[in-house]
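At position 50 of the sequence shown (counting the first as 1) the number is 50 in UniProt numbering, and the numbers step up by one without a gap. For each residue, glycine too, the CB sits at the ideal point set by N, CA and C.
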Amino acid sequence: MNAAADLSWACTWEDDVTAAEHDALGALLARCFVRSRTPFGPGRSWSSARPELRVVAHADGQPVAHIAVLRRFLQVDGRAVLVGDVGLVAVDPALQGGGVGAELLARGSATLDGLELPFGYLTCGEQVAGFYGSGGWVRVPGPTRMVRADGRVQVYGGVSMVLPVRAGIERWPAGQVDRNGWEV
Numbered sequence: 001m002n003a004a005a006d007l008s009w010a011c012t013w014e015d016d017v018t019a020a021e022h023d024a025l026g027a028l029l030a031r032c033f034v035r036s037r038t039p040f041g042p043g044r045s046w047s048s049a050r051p052e053l054r055v056v057a058h059a060d061g062q063p064v065a066h067i068a069v070l071r072r073f074l075q076v077d078g079r080a081v082l083v084g085d086v087g088l089v090a091v092d093p094a095l096q097g098g099g100v101g102a103e104l105l106a107r108g109s110a111t112l113d114g115l116e117l118p119f120g121y122l123t124c125g126e127q128v129a130g131f132y133g134s135g136g137w138v139r140v141p142g143p144t145r146m147v148r149a150d151g152r153v154q155v156y157g158g159v160s161m162v163l164p165v166r167a168g169i170e171r172w173p174a175g176q177v178d179r180n181g182w183e184v
């Protein structure tokens with residue numbers, strides 16, 4: 001059974017997300033990221049950087065899956081690389097394992113393609129790297145530096161992944177990634 005088939009999907013620009021939608025998205029993210037230090041909930045549906053665009057699945061009018069995108073240039077070994085920085089990838093725990101995550105990644109990829117981006121980029125924990133790999137994301141070597149929520153620069157210790165969208169993975173440069181900002 002494919003739970004994703006029974007959902008309605010929407011792609012919404014951040015300026016068009018209403019206060020009520022932020023509240024509902026905040027509740028979804030709080031259910032999905034229970035160990036996060038971000039106070040997801042009413043009025044808070046982002047972590048560090050606010051996304052530019054959101055892909056959301058709804059069931060009975062409530063959000064049950066979410067992916068956020070922010071276009072930005074990363075510096076990779078001193079070279080500017082345009083990406084769709086992806087974050088807040090979430091599927092309601094009650095729907096996990098039913099194909100919703102795979103559909104979410106596919107719709108996220110289509111969104112990045114619609115934005116004419118060469119690559120998607122994300123950071124994640126080792127425990128979910130296989131999930132992203134099943135959606136076409138490729139682990140890339142090299143550390144990622146970024147600004148933490150408290151304003152300090154850190155070298156991220158988890159996994160960095162790239163999704164080849166309009167460029168082949170061979171075009172991804174080797175070296176350290178500098179996000180030069182907050183993660184999505």
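- Inclusion of V81 and L70 in the CB contact set at 8 Å is not warranted, their separation being larger than that value.
- In the DSSP annotation of this structure, the continuous segment of the alpha helix (DSSP H) that includes F131 starts and ends at E126 to S134.
- Judged by DSSP secondary structure, V17 falls outside any alpha helix (DSSP H); it is assigned neither H nor E.
- Beta-bridge analysis with DSSP links W137 to no other residue.
- Looking at the DSSP output, T111 sits in no beta bridge, so it has no partner there.
- Cα atoms of T111 and R152: separation of roughly 31 Å, rounded to the nearest angstrom.
- Per the C-alpha coordinates, the member of A174, D150 and V64 positioned closest to M161 is A174.
- With a cut-off of 8 Å on Cβ pairs, the stretch 20-34 is in contact with the stretch 55-69, counting three or more such pairs.
- Contact between L105 and G84 fails: their C-beta atoms lie close to 13 Å from each other, not under 8 Å.
- A residue is called buried when at least 16 other Cβ atoms come within 10 angstroms of its Cβ; S109 meets this threshold and is buried.
- In chain order, P173 place their CB closer than 6 Å to the CB of R79, counting only its own chain and leaving out the 5 sequence neighbours on each side.
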